[in-house]
Every structure is written in structure tokens, then in C-alpha cells.
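Student: Got a structure for you, written out below as C-alpha cells; questions coming shortly.
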Amino acid sequence: MKGKVTGIGGVFFKCADVEATKAWYKKHLGIDAGDYGATFKAAENQTTAWSPFKQKTDYLGERDQQFMVNYRVDDLDALMQRLAAADIESIKPIEHYEYGSFAWVVDIDGRRIELWQPADESIL
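According to the UniProt record's numbering, the sequence shown holds residues 1 to 124 in order.
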């Protein structure tokens with residue numbers, strides 16, 4: 001079918017202090033954002049999930065949080081150790097599934113973010 005959505009082109013969100021938020025993401029997650037944010041090159045076999053949730057879910061964080069970003073990572077254990085050393089606490093223990101491992105933390109602006117290490121390294 002022509003004229004359809006083929007994937008997520010970007011994630012945009014409001015924050016209290018743009019420069020502080022960019023600095024937090026660079027320091028703790030390695031995302032180097034310039035004036036227009038950051039871009040990620042996707043491998044041919046990478047996928048991006050798109051999933052609506054019921055309004056009453058607590059999966060995304062606090063009730064007023066309307067979205068959550070899932071970041072694909074290459075070594076979840078190492079990242080979580082580094083975050084813990086920076087006093088950034090995990091919301092709950094790492095969860096392991098057949099399709100990968102997940103962890104959740106809160107960013108500088110109080111947004112819950114999800115970290116995902118795929119089980120199949122070819123989709124990193």
C-alpha cells in the first residue's frame with residue numbers, strides 16, 4: 001500500500017531545561033544531542049515498537065506522563081551499573097524475556113524511560 005507510515009521518524013518532548021536535559025542524556029546514556037537533537041542510524045533488521053496503552057496504565061510512569069521512550073542498548077548490565085554509580089536508581093529489577101532484557105529509570109525531568117537490550121544482538 002502506498003502512502004502509509006513506515007516507522008518512527010523521531011521522538012519529541014518538552015522539558016524544563018533543554019541544555020540540562022541534553023547534558024543528562026549525554027552523560028548517562030551516551031546520546032550526543034546538538035542544536036536539533038540526536039539521530040540514530042538503524043540497522044536493516046532493527047525494528048521500532050509502536051503501542052498504544054490504556055489511559056489508566058502505570059507502565060509509562062506517573063499518570064501525567066503521556067509517553068515513554070524505549071532506548072535500545074548494547075549492554076544493559078554495564079549501563080545499569082554506570083547509572084547506579086551515578087545514583088540513578090532503577091524503578092524495578094531488570095526483567096528478562098525471550099526477546100530481550102528491560103530496565104526502567106527516571107530522567108532528569110522525572111520521565112520514566114525504558115532501556116532494552118534485545119536478545120538477538122543482530123538487531124542492535
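Just so you know, even glycine gets a beta-carbon here, dropped at the ideal spot from N, CA and C.
(1) Going by DSSP, what residues sit across from ILE113 in a beta bridge?
(2) Just to confirm before moving on: does the CB-CB distance between TYR97 and ALA119 stay below 9 angstroms?
(3) Have a look at residue 138 and GLY9 and give me their C-alpha separation to the nearest angstrom.
(4) What first and last residue would you give for the beta strand (DSSP E) that runs through TYR97?
(5) In the structure shown, what three-state DSSP assignment does TYR71 receive?
(6) Whose C-alpha, out of ALA42, ASP64, GLY30, TYR59, is nearest the C-alpha of ASP75?
(7) Considering Cα atoms alone, identify which of ARG111, ARG72, ASP17 is closest to PHE40.
(8) In whole angstroms, give me the CA-to-CA distance for GLU114 and THR6.
(9) Roughly how many angstroms separate the alpha carbons of ASP58 and LYS4, rounded to a whole number?
(10) By how many angstroms is the C-alpha of ILE94 removed from the C-alpha of GLY100?
(11) Can you name, in chain order, every residue of its own chain whose Cβ lies under 8 angstroms from the Cβ of ALA86, other than the five neighbours on each side?
Tutor: On the basis of the coordinates in this document:
(1) Along the sequence shown, one-based indexing puts residue 113 at 113. VAL105, per the DSSP bridge assignment.
(2) Reading the sequence shown from its first residue, position 97 is the one you call residue 97. Reading the sequence shown from its first residue, position 119 is the one you call residue 119. A contact, by the Cβ cut-off of 9 angstroms.
(3) Since the first and last residues shown for the chain are 1 and 124, residue 138 lies out of range.
(4) One-based indexing of the sequence shown puts residue 97 at position 97. Where TYR97 is concerned, the enclosing beta strand (DSSP E) stretches over 95–97.
(5) Here residue 71 is taken as the residue at index 71 of the sequence shown, counted from 1. Residue state, collapsed to three classes: strand.
(6) Here residue 75 is taken as the residue at index 75 of the sequence shown, counted from 1. The shortest Cα separation from ASP75 among ALA42, ASP64, GLY30, TYR59 belongs to GLY30.
(7) As a first step, residue 40 must be located in the sequence shown, where it is residue number 40. Ranking the options by Cα distance to PHE40, first place goes to ARG72.
(8) Your numbering for residue 114 matches position 114 in the sequence shown. Your numbering for residue 6 matches position 6 in the sequence shown. Each residue's alpha carbon lies about 22 angstroms from the other.
(9) For the purposes of this step, residue 58 is taken as residue 58 along the sequence shown, with counting starting at 1. For the purposes of this step, residue 4 is taken as residue 4 along the sequence shown, with counting starting at 1. Taking the straight line joining both Cα atoms gives about 31 angstroms.
(10) The sequence position of residue 100 within the sequence shown is 100, counting from 1. The sequence position of residue 94 within the sequence shown is 94, counting from 1. Taking the straight line joining both Cα atoms gives about 10 angstroms.
(11) By 1-based counting over the sequence shown, the position of residue 86 is 86. Closer than 8 angstroms at Cβ, skipping near neighbours: LYS27, HIS28.
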